[in-house]
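>
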Amino acid sequence: MSVTAKRRADYLPPAFSIPLVDLTISLHPTKTVVKSKLSVKRRLTKDSVKDTEKNDGNKSQPLILDGNKLSLVSVHINGTPFSDYTLDDETLTLNVDTDDFELEIENHIDPENNKALEGLYLSGGAYCTQCEAEGFRRITFFPDRPDVLSVYTVKVIGDKSFPMLLSNGNPIERGENPDGTHFVTWHDPHPKPCYLFALVAGDFDLLTDTYITTSGKEVALELYVDKGKKSQGTFALASLKRAMKWDEDVFGLEYDLDIYMIVAVDFFNMGAMENKGLNVFNSKFVLADQDSATDDDFFNVEAVIAHEYFHNWTGNRVTCRDWFQLSLKEGLTVFRDQQFSADMTSPLSNRIKHVRVMREHQFAEDASAMSHPIRPEEVIEMNNFYTVTVYDKGAEVIRMFHTLLGPEGFRKGMDEYFRRHDGQAVTCDDFVSAMQSTTELDLTQFSRWYSQSGTPQVSLAHNVTSNETGYVHTFTVTQNTPSTADQSEKLPLYIPVGFEVIDEDGNRYRDDSGMIQNDLLIVDAPEITITITCDAKKLTPVLLGNFSAPVKVHNELDTASLLTIFAHSQDAFNRWDAMQTLYNRCISELYENPTATIDSGIWAGIHAAIDSEIDNIELLSECLVIPSFETLCQSRSNISVQPLIDARKAFCRQFSTQLEAVLLNAFNGIATQAYSYQQDAVNARRCKNVLLSHLARLPQHKDLVISQFDKADNMTDTLGALKAAQSLPADAFESLMAKFEEKWRHDPLVLDKWFALHATQPREDILATITMLSEHPQFSMGNPNRVRSLIGSFAFYNSERFHNLGGEGYKFVTDYLIKLDALNPQVAARIVTPLIQWQGFAEPHQALMKAQLGRLLNHKGLSKDVFEKVSKSLA
Ligand code: 0A1
Ligand code: ZN
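Residue numbers (the working numbering): -19 to 855.
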């Protein structure tokens, strides 16, 4: 295993280009034959040669192709057998001296035994490929890097038991062979990097539709799902059409092929993949109906369908020069899908959803040994960098461009980006430079967001003095980015900080020198001071409206000020955030003193807040959610896990008890309506289920939970009842879970919810329960969805048992990861995340976690995926 890191700074352009790729792939479970015919051209420039070497302008460079787990059969150049090559585990080096030639390579692969689900694999009865980031090298020998763009022609040959043979682009020929197999040839006219190559073969149900673009072109839409699941695909197909329309309306971007195909498969490492014209999806993000999918599932289906579709422009037409630039396509595409979802559903709940992801997961990543900028500098295994930092913080950086330039300015910049770079493989700097060319604003300092890791801390100090004109409020805003594992020196960033100042009656105030513009203060220095001179003695500053930047805020506000913000801020996000801060503060009190009772004034304030929003159930339901344990961790250090969990539980218990009447009243006030996935109905169900989870803590409301479970006509309410039942006595919970299993045991995607509910129960014998569940007929270590539901849910979300002081939780996960890593390193490396995030916890957690990480590191044959994370975390 080679564990050398690649560095962004070492980039060199490719020495050869490959304008045409012609593949013939004869499918066979254990011996698929791949014949590749490449037109190869030497790039006669010096740039692809290291400066330190004798530079003869790339005349003597060999052609180095990546290849992994391939059996090489033959090599021909211009039709003649060629033997002047060397082959090792990772590369095929051809000592060629010609500049323009045709290279033919034949190799064999073994899809059935490919359990890592990278390259070509045969799982769940279908052949499927996954080539991003570096999976194409597991199919054939090729320069597996995103800056080599080629036009592909692909002939897929297969047994007739695989009636559908798919690849990228348009089908140009199909037929039968004398040996009883059949074939389809595909041609994709758009030059693309090999990570966008795809092939799928299987027997599916097919849903079809058409879409007419604004310029009048008809596009055939095809959605392939497992046999018998057709009716669960209609929502995904309708979502696709909404996404196509939205991209035309908002960005002026149309689809560019005659056909757009989506295939849903059961075995997939990630959510979905944007292969040109042939998206491959984890079936979890395609299949949805009222009975089996929750409102969140519907939401996710639409968001992921849109995300992959939007990649057609941001990712495929303009792609990445190298993998360090991943955020170029991912940050931008996540931002685009977030905007789309906000337009399709609700801006507020979307914003809150994404901020929760940042606070629960991205801040934690920044605080860990895996901290990296949105454009990483150094990578051992690229698959480890499909992270919340690259994706979600990347999207926050794009959102800041949008905030600073405004929607029209942003659109202008995007137009320029496509005008300059359509058909190219480019860098994040190219994106910034396109944006820069359309704005007066100097983006030089702003672009540090690409190179600096860590979560900046923005703090506010507020002083009041009085003079003859009134009260002078001085607000001093400072920024500081604590050093991170990867980077000790930090520079001041250009931070747009939402800034609203109100008094107790909700009147708004402007600063004396007009530095706050459009409710935004630009903090571009370590310290910025503004003043407000006015009659009011008490002013409340509200920072970071709508989460205007991916930072943590320190703004010491008393309870009255937090309730003032809730009552009067113009920004609904701030109102929600004020309540979160208030809850967090109460939990701190209980963390420090477990016998404390929360002041009755606070309950009165929360009571009044609920009363005031009783008709605004969208905001109400968000405000009733208590910050998760993971979020609470981000504003604390040296955490004693059980005491913090106990403090949170105690607060939740008091919340239910103190507010019982108003919670019950709100619950009864929301009528149960027939199911529809419409925003009003979604809001109502969400609010009702949040209320139910509070009421379920009180024994007298047990029947509400059971009755909802029994009567539910949709999965949202069924699951809402089951989640609430997690606080009922064990026998009641078990009995509902048994009924659920009885009904859904033949639907693994639904059963994933059941596995996750079990795995997150803080019961004492949870490890035995998980071991037993891993013997369930529907469970399989080879299926990433099952593993994530059972083992991932335990490691990420059962903090009480995972962090158990005996260390059994850490050991259990480690034992499992050792086995999983041998099968699927990518999934193992994801699930190791909670274990490497030991920095925030007090002893003995740290020592216990590190002991298990040490075991992992010493394990013979550890993948580079897991090695990279574990070795960094122990460095
Ligand atoms: N580009 C896809 C995500 C993806 C990345 C890697 C994969 O396999 C290693 C699979 C999918 C997206 O952003 O949707
Ligand atoms: Zn993506």
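We treat Cβ as the ideally placed atom computed from N, Cα and C, and that holds for glycine. Since the structure is predicted, the reported quantities are computational estimates derived from the model, not experimental observations.
Going residue by residue through the segment 84 to 110, where are the continuous beta strand (DSSP E) segments of at least 3 residues, counting only ones entirely within it?
Within the segment 84 to 110, the complete beta strand (DSSP E) runs of at least 3 residues are 99 to 103, 106 to 110.
> Taking only runs of the alpha helix (DSSP H) that begin and end inside the segment 610 to 670, which ones reach a length of at least 4 residues, in chain order?
Within the segment 610 to 670, the complete alpha helix (DSSP H) runs of at least 4 residues are 621 to 638, 640 to 649.
> When you compare the CB positions of Asn93 and Thr10, do they come within less than 9 Å of one another, or not?
Reading the sequence shown from its first residue, position 113 is the one you call residue 93. Reading the sequence shown from its first residue, position 30 is the one you call residue 10. Contact flag set, yes.
> Can you tell me whether Asp302 is buried or exposed? The criterion is at least 16 other CB atoms within 10 Å of its CB, across all chains shown.
Stepping through the sequence shown from its first residue, residue 302 is reached at position 322. When all chains shown are included, Asp302 counts as buried.
> For Ala808, which residues of its own chain have a beta-carbon under 6 Å away from its beta-carbon, when the five flanking residues on both sides are left out?
Walking along the sequence shown from the start, residue 808 turns up at place 828. Closer than 6 Å at Cβ, skipping near neighbours: Leu797, Leu800, Asp801, Val846.
> Taking 8 Å as the line, does the beta carbon of Lys309 fall inside it for any heavy atom of ligand 2?
Residue mapping note: residue 309 aligns to position 329 of the sequence shown, counting from 1. Lys309: yes, Cβ under 8 Å from ligand 2.
> Based on the DSSP output, what are the partners of Pro151 in its beta bridges?
The count along the sequence shown starts at 1 and reaches residue 151 at position 171. Its beta-bridge partners are Trp166.
> So, do the segment 71 to 90 and the segment 130 to 145 have three or more beta carbon pairs nearer to each other than 8 Å?
No, they do not touch.
> When you compare each of Leu675, Phe759, Val850, Asn255 to Leu836 by their alpha carbons, which one comes out closest?
Taking the first residue of the sequence shown as 1, we reach residue 836 at position 856. When only C-alpha atoms are compared, the closest one is Val850.
> Below 8 Å on the Cβ atoms is my guess for Lys668 versus Phe635; work out the distance and round it to an integer in Å.
Working through the sequence shown from its first residue, we reach residue 668 at position 688. Working through the sequence shown from its first residue, we reach residue 635 at position 655. With a Cβ gap of about 17 Å, Lys668 and Phe635 do not count as contacting.
> For ligand 2, I want to know if Tyr175 counts as a neighbour, meaning its beta carbon is within less than 8 Å of at least one of the ligand's heavy atoms.
To locate residue 175, count along the sequence shown from 1; it is residue 195. No; taking the cut-off as 8 Å, the Cβ of Tyr175 has no heavy atom of ligand 2 nearer than that.
> Just checking my contact of Asn447 with Thr454 at CB under 8 Å: how many whole Å lie between their CB atoms?
Counting from one through the sequence shown, the residue named residue 447 turns up at place 467. Counting from one through the sequence shown, the residue named residue 454 turns up at place 474. Their Cβ separation, rounded to whole angstroms, is 12 Å, which puts Asn447 and Thr454 out of contact at 8 Å.
> Run through DSSP, which three-state label would Glu507 get?
Along the sequence shown, read from residue 1 onward, the residue named residue 507 stands at position 527. In the structure shown, Glu507 sits in a strand (DSSP, three-state: E or B).
> Could you tell me which uninterrupted beta strand (DSSP E) segments, each at least 3 residues in length, are contained entirely in the segment 196 to 268, listed from first to last along the chain?
With a minimum length of 3 residues, the continuous beta strand (DSSP E) runs that stay inside the segment 196 to 268 are 198 to 205, 239 to 245, 258 to 262.
> Between which two residues does the alpha helix (DSSP H) holding Arg565 run?
Counting from 1 along the sequence shown, the entry for residue 565 is found at position 585. It spans 552 to 572 - the alpha helix (DSSP H) in which Arg565 sits, taken as one unbroken run.
> If you scan the segment 355 to 380 from start to end, which runs of the beta strand (DSSP E) of 3 or more residues do you find wholly inside it?
None, since the segment 355 to 380 contains no complete beta strand (DSSP E) of that length.
> Give the list of continuous alpha helix (DSSP H) stretches no shorter than 4 residues that lie fully inside the segment 766 to 819.
Whole alpha helix (DSSP H) segments, 4+ residues: 773 to 777, 779 to 782, 788 to 803, 805 to 811, 813 to 816.
> Scan the segment 406 to 474 and note each continuous alpha helix (DSSP H) run of 4 residues or more that stays entirely inside, going in chain order.
For the segment 406 to 474, whole alpha helix (DSSP H) runs of length 4 or above, ordered along the chain, are 408 to 416, 428 to 431.
> Thinking C-beta only, is Thr435 closer than 9 Å to Phe343?
One-based indexing of the sequence shown puts residue 343 at position 363. One-based indexing of the sequence shown puts residue 435 at position 455. Closer than 9 Å, so yes.
> Determine whether the beta carbon atoms of Pro607 and Tyr655 lie at a separation below 9 Å.
Translated into positions along the sequence shown, residue 607 becomes position 627. Translated into positions along the sequence shown, residue 655 becomes position 675. It is not a contact, given that the beta carbons lie outside the stated cut-off.
> For the structure I just gave you, are there three or more beta carbon pairs, one from the segment 348 to 366 and one from the segment 825 to 841, closer than 8 Å?
The segment 348 to 366, when compared against the segment 825 to 841, does not touch it at the 8 Å Cβ threshold.
> Can you find the residues in the same chain that come closer than 7 Å, C-beta to C-beta, to Ser417, ignoring five residues on each side of it along the sequence?
Locating residue 417 in the sequence shown gives position 437, counting from the first residue. So the qualifying residues of the chain are Glu396.
> What does the Cβ neighbour count give for His352, buried or exposed, with the cut at 16 atoms within 10 Å?
Along the sequence shown, one-based indexing puts residue 352 at 372. Looking at its Cβ environment, which holds 16 or more other Cβ atoms inside 10 Å, His352 is buried.
> Rounded to whole angstroms, how far is the Cβ of Arg22 from the Cβ of Phe(-4), which I believe are closer than 8 Å?
Locating residue 22 in the sequence shown gives position 42, where the first residue counts as 1. Locating residue -4 in the sequence shown gives position 16, where the first residue counts as 1. Arg22 to Phe(-4), Cβ: 6 Å. Contact.
> Is any heavy atom of ligand 2 found at a distance shorter than 8 Å from the C-beta of Thr299?
In the sequence shown, the residue the question calls residue 299 occupies position 319. Checking every heavy atom of ligand 2 against the Cβ of Thr299, none is found closer than 8 Å.
> Determine the closest residue to Ser431 out of Lys373, Lys392, Gly182, Arg488, with distance taken between C-alpha atoms.
In the sequence shown, counting from the first residue as 1, residue 431 sits at position 451. Checking every option, the nearest Cα to that of Ser431 belongs to Lys373.
> Output the boundary residues of the beta strand (DSSP E) element that contains Arg301.
Here residue 301 is taken as the residue at index 321 of the sequence shown, counted from 1. Careful: Arg301 lies outside any beta strand (DSSP E) and carries neither H nor E.
> Flag Val477 as yes when its Cβ comes closer than 8 Å to any non-hydrogen atom of ligand 1, and as no otherwise.
Stepping through the sequence shown from its first residue, residue 477 is reached at position 497. No, the beta carbon of Val477 sits no closer than 8 Å to any heavy atom of ligand 1.
> DSSP three-state label for Thr274, please.
Within the sequence shown, numbered from 1, the residue matching residue 274 stands at position 294. The answer is coil: DSSP assigns Thr274 none of H, G, I, E or B.
> Can you find a heavy atom of ligand 1 that lies under 8 Å from the Cβ of Tyr101?
Within the sequence shown, numbered from 1, the residue matching residue 101 stands at position 121. No, since every heavy atom of ligand 1 falls outside the 8 Å radius drawn around the Cβ of Tyr101.
> Measuring CA to CA, which of Thr313, Ser326, Asp323, Thr369 is closest to Glu340?
On the sequence shown, position 360 is the one that residue 340 refers to. Ranking the options by Cα distance to Glu340, first place goes to Thr369.
> Which residues mark the beginning and the end of the alpha helix (DSSP H) in which Ala736 is found?
Within the sequence shown, residue 736 is the residue found at index 756, counting from 1. Looking at the DSSP string, the run of the alpha helix (DSSP H) that includes Ala736 is 728 to 739.
> Quick check: what's the CA-CA separation for Phe390 versus Thr464?
Within the sequence shown, the letter at position 410 stands for residue 390. Within the sequence shown, the letter at position 484 stands for residue 464. Going from the Cα of Phe390 to the Cα of Thr464 covers about 31 Å.
> Are the beta-carbon atoms belonging to Arg336 and Thr740 less than 9 Å from one another?
As a first step, residue 336 must be located in the sequence shown, where it is residue number 356. As a first step, residue 740 must be located in the sequence shown, where it is residue number 760. No; because the gap between Cβ atoms is not below 9 Å, this pair is not in contact.
> If we count Cβ pairs, one from each stretch, closer than 8 Å, do we get three or more for the segment 44 to 61 versus the segment 111 to 130?
Flag = yes, the segment 44 to 61 and the segment 111 to 130 touch.
> Using C-beta distances below 6 Å, list every residue in its chain close to Thr294, excluding the 5 sequence neighbours before and after it, in chain order.
On the sequence shown, position 314 is the one that residue 294 refers to. Excluding sequence neighbours, Thr294 sits near Lys309, Leu312, Thr313.
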